[in-house]
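Residue numbers (the numbering used here), protein chains in the order written: chain Y, 55 to 516; chain C, 984 to 1461; chain D, 3 to 115; chain B, 4 to 634; chain V, 10 to 176. All C-beta atoms, glycine included, are put in the ideal place defined by N, C-alpha and C. Taking it in order: structure first as structure tokens, then the write-up.
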Amino acid sequence: MNAIIFSAGWGIIMMFCSFLVRNKSSFRHIAVVGLLVLLVVNILDSNGVAVFHIDSKNMLAYTRFGLLFNSIAIASTLIYVLLSGKDIARIGSYAAEYFILIFFVLCGVAILSSYNNLLMLFLGIEILSIPLYILTGSDKRNLKSNEASLKYFLMGSFSTALMVMGIALMYGGTGTFSLDVVRTETGLYKGVSFLEIIGLLFLMVSMCFKVSAAPFHFWTPDVYDGAPGVITSFMATIVKVAGFIAFLKLCYGRMTTTSTAIDWQLLFAVIIIATLLFGNITAIFQQSVKRMLAYSSIAQAGFMLFALFSLNDFASKGLLMYSAAYSLATIGLFAVLVKMKDVTFEGYNGLAKTQPVLAATNAIFLFSLAGIPLTAGFLAKYYMLASVVETGNYIWLVVVAVLFAAISTYYYFRVIQAMYFKTGEPQTENITGSFKFGLIALAAIIIIIGVLPQYLFNWLYF
Amino acid sequence: MIALLLILVPVIGGLITLFIKNKNTAKGFSLFVSIITLIFALIGVYSTQVNQLHFDVAWMPDLNSRITLGLDGLSKILSLLTAISLPVIITATYKNTYTNAGKFYGLMFLCQAGMLGVFLSMDALLFYFFWELALIPAYFLCSIWGGEKRIPVTFKFFVYTFVGSLLMLISILFIYSKTPDHSFAMQSFYHAKLSASQSQWMFWLFFIALAIKMPVFPFHTWQPDTYEQAPTAVTMLLSGVMVKMGVFGVIRWLLPIFPQASQTNSSIIITLSVIGMLYASLIAIRQNDMKRLIAYSSIAHVGLMCAALFSNQQVGMQGVLIQMFNHGINIIGLWIVADAIEKQFGTRKFSELGGLGQRAPTLAILFVVLCLANVALPLTNAFVGEFLMFNGLFRYNPVMAGIALIAIILAAVYTLNMIQKIFYGNTVALTANAHDSSFNINAALVILVIVVIVFGIYPQPMLNLAQESAKMFIAKIP
Amino acid sequence: MPIQYYIVLAAALFCIGVVGVLIRRNAIIIFMSIELMLNSVNLMLVAFSKMHYALGNAANTGTPVNVGTDAQLFVFFIMVVAAAEVSVGLAIIVMMYRNIHSTDVNFLNRLKN
Amino acid sequence: MVYLVPLFPLLGFFLNGLFRNLSKSLVSIIGCGSILISFIISCILFFDVRSGGALPVHPLFPFINIASFKIDFAFQVDQLSSIFLLIITGVGFLIHVYSTSYMHEEKEEHFARYFSYLNLFVFSMLLLVLGANYVIMFIGWEGVGLCSYLLIGYWFKNDNYNYAATKAFVMNRIGDVGFLLGIFWLLSKLGTANFNDVFANVHQLSSTDITGITVLLFIGAMGKSAQIPLYTWLPDAMAGPTPVSALIHAATMVTAGIYMVARSNALYSLSAVAENLVAIVGIATALLAATIAIKQNDIKKVLAYSTVSQLGYMFLGLGVGAYTGAVFHVMTHAFFKALLFLGAGSVIHALHTQQDMRYMGGLKKYLPVTHITFLVACLAISGIPPFSGFFSKDEILAAAYSANPIYWVLGVIGAGMTAFYMFRLYATTFLGEFRGTDEQKNHLHESPLAITIPLLILAILAAIGGFVNVPEVFGGNAKLHEFLSPVITTEKTFQLTSSKDFMLMGISVAVAVIGIIIALAKYIKKPELGEPQGLGKVLANKWYVDEIYNALIVNPLSYLAIFFKNVIEKSGIDGFVNGVGTFVQYSSRRLRLVQNGKVGTYILLMVFSIVLLFVVFWNQTNIIDFFQKIF
Amino acid sequence: MTATEILFWFLSALALFSALMVLASKNPVHSVLWLIVVFFAISGHYILLNAQFLAIVNLIVYAGAIMVLFLFVIMLMNLNTSTEPQRNSLLKLAGVVAGCLLLTVMVSAVRSANEITNSQTIMNEGNIGLIENLGKVLFTQYVVPFEISSVLFLSAMVGAVVIGKKE
């Protein structure tokens, strides 16, 4: 609850700041402070210290898992703002507003990581989405940004409609919006309801849309490509994994009880394969690193979907791991990307010569995304594969997945090839020392997680 | 402790070297580090104290994975090879100038550390980590300092091996889920309970990774291209040591984990290996490029190792163990000569060379000795290994051994052909004013030749090292 | 009324909304179709609310319980969200119109492949 | 003491090989001296053996000592090996001495190289005969192959010589493969390769095993001793310097096969199949080579084919069980064939590398010593009593007769041809008129002492060498027989009445004499100078065996290699690998078209997908069943 | 047939017909008007179901506020003439087919839902839809989502400012 209140509250505070404070760059600092506060209160929350005592009437349920995830999301946002704060302020004529919206998104993330009622899911998704429609279109004169915003909005609304349809049907089956339906033989709602399954299917489609799983991913490349780079970074990381957490909670809450979870595995298998196929194969042909990263995020979603497929102990841990690994690496990549004048592959040619630090850290981020050991990305993928192997079924799915993972190296390594093995004159914005330091720290975090993952879990719990 | 130091020294040395700007300092320092590593390896080989040789510390409690390193006979042989190779390579290429020498040597060390880690780790996950760690620096080394077509070729190499290792990861994961105590420890893996069909599938997933690394016949096409394009110093490391990772994986992991499946599949694999031997040898005969010829020759040799491994005979296994070392030494020697020739004449084509023997007698002599080792002439080190391996294969299936032996006839054909085209005959325009090899190359080659001859005449120390391991691994197979 | 009538009615309205999204090119009309979809869901929810009210009271003989109110409140929240969405959505459409003087969704077509 | 024998040649090899700037005289001293010392030690060993029987096996160090078997680096000096030691070091020494003069015009470093090779060769050969087990023997076996390769290719600037060297090595290797397989078979059945242990445990082997092992070992012998079908390397090997031909390709290396079979007589005598095979291959080679030798014009080629032919005789002897006879023939052959080669070398030396007999003639008066010694050798090889060849060849023929008269008939025909071609050679070279250039004529002179002295010594040996084993019919006591009996335990005893024996000898000598007369009559006046026609052409072209090999084996393999390289490797395997990549890229180009940038299409696809998901979900049991049926 | 049933059928038919007309109208203004008719029909249904609060809110918020907003925008953009370029007829057909398929799938899926075969909605009675009842629940059970929805409005507001304000 702390995180929800503080993120909303800090958003409101910044609304006042926006006309009280003239200096644009100070918004960034205020936002950083806010995020730090948010992180602290969230960690306090996970240690049982609630700042406000509010009875949510079982609308929200706080679990270790959810709070841990929320901490990761806030920490990622913090890193994101630290690295790209200046670029956020430069998007358009507003500065504070973007940060405000980011705080509201975080409020949505906090809701999604702890909801226990389909109403809260619905609200959370909307609180998450509506600021993003705006942020996507925030580069107002840019037609690409406009187009992305419109597409995102129309398709997002469509998926919202699907979602409420699903919720309605689920309600029809069970008579409640709560996630933890008590199914007793003698109670009001007996056994498994058929309507609920139909509803779940709709809800699943809508969630697949949010996490850009194929074949509901079509918005992703266009929107990620069209949105300002910094915003894409935020959308592709924190927002996306929040969708996954919500999805996972949904699966745990309803899918494991509507019927045996195995019934859903085939469906997830189909979606996973489609996602990996579309994400990886299409990414190969891209000429722009930004758009490539959009497809890559689809491909990564394919891997994250494994958690929903297997729904065991490995899955939830793995999803946390994946969220951290994927978000950090992507944030880093986008932080460098927005500094590049030319975001095609050619634009990166010879970066290792002119900006060795950028190139080296970029390489580590790419390794992490490709799942090379010693980086967090490997362990993340490891957990995902392990979760499926643990279920004992669908080993072929794992084989397919690793083949696609191998294909993914093709486009990730194209960037490395451009940076290290080709020659060129890459144009970058001013790179400050602190930015470089931030990148190095980020890379170090990725490697530390990759080598000693228990620190991630232990440290966040104290 | 020795085990840990063996990995730490190159890692730390490599990281330091990465940041050395001065070319000569980098070279000198890396030679120093490599010799330190060699000293540790020698201590390890001669030490018999178990607590010195083993290292064990908790790593990922969540996954029940530990950092377990150990030196047994098998890993002693290979770590010695790995440790010897680097000083020799650095010596041999001492006069070569690499842009960003510090980076070059630093990556070499990281690669070496990865390979040492593979050989020493007794924990499956750790093994996998090092397996990949060895690959990445190699990828960079080849792609940055390689030949014209380096980028696509090296990428092919990378993807090829990466696919394999991912398949291996699946297999590791699956076995992990079937271990009695859910841990990655080697012993738990050996006692994993797999049904027949499961072990059949997992065997193949695991094997493909190793087969690509070795490489065994249909999975070999990355190899000649990569060897050709990579800078020769890296090629030496790749073919001398990295190839052994595949063979090592079979011995350490594949055979003991899947005793049953490796027996049921042995006929397929041995057939493939033998086909590969003949196939590669035949192709080698028609090569016009020295590096490609050596590459195909290596495929043929490794094919024999693979066949001998699956023949399920202690003799063969022991032969493989020592042959891994010997092959590494020999092929590094061949590459050194190839490098010397390429550096001097700018070409490796036989058609453009000839008569070098008149101008460079020292190089010619050393090269001929190495070539003879390559064809496994008695009293060179390779003879003992191949003798034992063929012996094992013979015990498995005499006809197969007979067919495989054709490869050593073909080996004589292409190897002598190579000597003749380069060193014999009259000088041509290119070689008319050639000079003999420089001191550092001679020094490196002499070291190798001494190893070749010493272990050719008196292989017993190596055999003793291999004895226990071979017995142990064979005993696992019912 | 049997609940199926309502379900089919709502489903039909929903699908008409879907078809509207699919066959029209004007962003505003598409948006209206989405609103239509939301309304069909509202209708369904209210129907379910009354169904569960009936079921709940049939099971618990005695004092009538408030089963089914939550669905009607959900409808209320859907309306709230729809209102917020409309404000943002129309703002976006207006922004686009300012730039390209059209509301055709296919007019902007730079992001593809 | 035993290990000193190979040690000195090894030292000589290292000294001459590593220090390449020694003066020629120092090189000569080191080269010849090391062999001389070996020879002296060999003599001592020989007398030790003669007086006290076989010396104990000397294990130097364990070579391959593993759980399955133990192979020591061990030497064994017994009756058989001591004789070979004498031949190798003795003849070897003479040839070293000869070489100091013959090779004197070489540059210093090449001179040293030559002697180091020669020493290495002697070392390997000694290893071969001294080894106490098959593996050590194999080491020497391959070692001599290597030295042969190095020495044939000694003039490495000439590509043809290099090809000949490679051919020799490869052909030897083919035989070696058989040898190796035989060793593997032995090791897997008996767990040992020591001669003594093997022969003591022969009874543990089944007859299949013995046949298999002996045939495989014989394949090795075929390669090394130039028997059909692996003989073609030997004539080509004449590319090397002439002393090398004498040492390696006449006196010592090629007899390694005989040594090995004789050594393994305990095995061979148990397998009738192997014995017959050896005999048939032997006699066939003897005849084939003899026919080819008749029409050769290169002086060394004639000698080479004659060597092949004589080796065939030896194998005939081994095949019919006359092991001593074979060894005896090895010895006498070493003397006269070395002599022949050295004599030929002397001629070539005198004519400045002219090797074609058609441009010789009438050398009798210019090269008296060479001429006389050469004549002695010709008589010896033709089997004219009382020269050495007569006794050894006769012993083999007698044994052949008792085994199968057909062998004898063929053998006698061969002997006649031998006499014919040898005297054809003699006549065209030494008799008649000189046919070379005037310049050559002016420079004709007898060779220096370093050449003629070895010739003389060998001539004496060739003349009287036969007397060490005078058969009983002549009142001798077959000393060699007696001496070798501890080693050769399975000598076939054959009983011929002395009259029959005399008759057989008489016939063979008569045939030889007829051959000599025809040759002399035909070639003194009218040496054959033109290109031969008809059958002669076939013979002159060596029955086209090389061409047949090329067409049947070499070319198909070569085409196969090209096919593998260009088609299977490039388009097949690599093509498949790259094809996967191309396919992925192609599908990428296709798949990206789905992303056409239109919201309507996206939502349309989404709706269809929803429908699809519904269908999949409701039919999942059917789908899973379907897939399970397929896989 | 009771009056309720007659009303039900009438309202349903009206809703479906007007919904179709929304799609069929070339003129956006007509579409808006037809949509308002749909909303009225749905509100009628609410009344039939005795959900009086929702019926009123639906009219006020949807028909009253939202649709007026739509009208304003359309007027503002001067889109009242049918200038909309026509979509590819094949795509149109595909759209219709997709919609029909979805309907078929949904209906057939719902038909196999046995648990509701005999369930009835209670018409005209039950007081759960009354303002009093809903209000009580809203401000006790649903107070957290109620407050949280304010964040939604805040972000919508900020967004409208960011997007809509002329620079």
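Y:Thr190 has its alpha-carbon roughly 7 Å from the corresponding atom of Y:Val277. DSSP places B:Val473 in the coil class of the three-state scheme, outside both helix and strand. Straight-line measurement puts the Cα of B:Ser248 at about 32 Å from the Cα of C:Val1320. When 9 Å is used as the limit between beta carbons, Y:Ala127 is near no residue of chain V, the shortest such separation being about 17 Å.
Annotation for B:Pro62: Asp75 and Ala77 place their beta carbon closer than 6 Å to its own, counting only its chain and skipping 5 residues before and after. For the region 1165-1197 of chain C, the set of residues with a beta-carbon nearer than 8 Å to any beta-carbon of chain Y comprises Trp1184 and Leu1188, in chain order. Taking C-beta separations shorter than 7 Å and ignoring five residues to either side along the sequence, the partners of Y:Asn403 in its chain run Ala472, Lys476, Thr477, Gly478 and Pro480, following chain order. Between B:Ser41 and B:Thr103, the gap from beta carbon to beta carbon reaches 7 Å or more. Y:Thr482 is bridged by DSSP to Y:Met394.
Per DSSP, C:Thr1363 lies in no beta strand (DSSP E) and is assigned neither H nor E.
Within the same chain, and ignoring the five residues on either side of Y:Arg345 in sequence, the residues whose Cβ sits closer than 7 Å to its Cβ are Pro275 and Asp279. When 8 Å is used as the limit between beta carbons, B:Val587 is near these residues of chain Y: Ile335, Ile338, Ile461 and Tyr464, in chain order. The beta strand (DSSP E) runs lying completely inside the region 1009-1073 of chain C and spanning 3 residues or more are 1037-1043 and 1048-1053, given in chain order. Within the model, the alpha-carbon separation for Y:Val343 versus Y:Gly386 is close to 13 Å.
Listed along chain V, the residues sitting closer than 7 Å to D:Asn68 by beta-carbon distance are Ile137, Asn142 and Val146.
Proximity of chain Y to V:Asn123 at the Cβ level (cut-off 8 Å) is accounted for by Phe248, in chain order.
The shortest CA-to-CA distance from B:Met263 to any of B:Met317, B:Thr373 and B:Val276 is the one to B:Met317. If you draw a 10 Å sphere on the C-beta of B:Asp628, you find fewer than 16 other C-beta atoms in it, and that means exposed.
The shortest C-alpha to C-alpha distance from C:Leu1265 to any of B:Leu615, B:Ser591, B:Glu572 and B:Ala564 is the one to B:Ala564.
The continuous alpha helix (DSSP H) containing B:His332 extends over residues Tyr326 to Ala353.
Close to chain B, meaning a Cβ-Cβ distance shorter than 7 Å, are the following residues of the region 191-211 of chain Y: Lys205, Leu208 and Met209.
For B:Asp628, the uninterrupted alpha helix (DSSP H) segment begins and ends at Gln623 to Ile633.
Proximity of chain V to B:Leu607 at the Cβ level (cut-off 8 Å) is accounted for by Leu100, Ala103, Gly104 and Ala107, in chain order.
Closer than 7 Å to the CB of B:Leu594 there is at least one CB belonging to chain Y. Taking the CA atoms as reference points, B:Tyr271 sits about 21 Å from B:Lys396. Taking the Cβ atoms as the reference, B:Phe72 lies roughly 37 Å from B:Gly243, outside the contact range of under 8 Å. Taking the C-beta atoms as reference points, C:Val1226 is found nearer than 7 Å to C:Val1285.
The C-beta separation of C:Leu1349 from C:Val1437 comes to about 15 Å, leaving the pair out of contact by the 8 Å criterion.
The shortest CA-to-CA distance from D:Ile18 to any of D:Asn115, D:Gly70, D:Ser35 and D:Leu113 is the one to D:Ser35. Here B:Gln536 carries a coil assignment [DSSP, helix/strand/coil]. Beyond the five residues adjoining it in sequence on each side, Y:Met289 comes within less than 7 Å, by CB distance, of Leu186, Tyr278 and Ala281 in the same chain, given in chain order. 7 Å or more divides the Cβ of C:Ile990 from the Cβ of C:Ala1084. If you check the CB distance, C:Phe1038 and C:Leu987 come in under 7 Å.
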